[in-house]
Amino acid sequence: MSVIDMNSDGQQPRREMLFSRVFPVAAIVLCNLVPLAGVFFWHVNIHLLVIVFWWESIIVGWINLPKIAMAGGDNTPGLVKFGLMFFFLFHYFGFVLIQGIFIFIVFNKYAGPLSGGLMRLLIGVLAAGHVLSFFTDYIGTKANLKQTPTQQMMKPYGRVVVQQVMVFAGAWGMTAAGLQTNTVLLAVFVAVKTIADIAGHWLELAWRNTEAKTVCSTAK
């Protein structure tokens, strides 16, 4: 076996595993540990967490714009990519805006007097995690070459719907029961959200491989 074969058969799969599986999952866990620390040390309540996780949906949307632009799974012209980005910008963020109006009407007044500084810290940490995942997973493994712009445009919707339904249901139930500051339940809430994020990432990897095979077969 030549050195080139060893590099392609050995190093590349290990690199792809690190960049697509290990680093993103580690980022998810570490970034969600900060809200968890907020629960134990900064008296973060469920209402502040709902607002923070809503902002995370905005972060996901903004990062998806360069992902659409860089998607190279087919020969989509640049002008068409721009049109898809424009459509996504208004459709996705319109959807998130409606959620945000509801959230701030219902939950903002309960977030607490220290919510401003804590909110910026938690949002910043989550944003850093998504940016890291963008460079390690999407660019580092050349995942953009496995996605068409249309496929990439649709990616955030499933995640946002599942996450927000879970977050709303948990927050509404805890508030109705008067348990919005219960430390144990808040820790479970963050843990379940973290597991859902990891499962979502693994599911995206599975879809990406399936879509890549579809793109290749179509190209043939």
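Per this note's numbering, the sequence shown runs over residues 205 to 424. Backbone N, C-alpha and C fix where the C-beta goes; we use that ideal spot for every residue, glycine too.
Spatial neighbours of methionine 357 in its own chain (CB-CB distance under 6 Å, excluding positions within 5 residues in sequence) are listed in chain order as Ile272, Leu288, Phe292. In this structure, Phe372 is the residue among Leu409, Ile302, Phe372, Asn268 with its C-alpha nearest to the C-alpha of lysine 397.
DSSP places lysine 359 in the uninterrupted alpha helix (DSSP H) bounded by 353–380. Within the segment 276–322, the alpha helix (DSSP H) runs of at least 4 residues that lie entirely inside it are, in chain order, 282–310. Threonine 398 carries a helical assignment under DSSP once its states are collapsed to helix, strand and coil. In this structure, isoleucine 263 and alanine 331 form a Cβ contact; the two beta carbons are roughly 5 Å apart against a cut-off of 8 Å. Its Cα nearest to that of asparagine 236, the residue Glu260 stands out among Val300, Val226, Lys359, Glu260. It is roughly 10 Å from the alpha-carbon of proline 353 to the alpha-carbon of phenylalanine 286. It is roughly 13 Å from the alpha-carbon of threonine 280 to the alpha-carbon of lysine 350. Classified as exposed, lysine 346 has fewer than 16 neighbouring CB atoms from the shown chains inside 10 Å of its CB.
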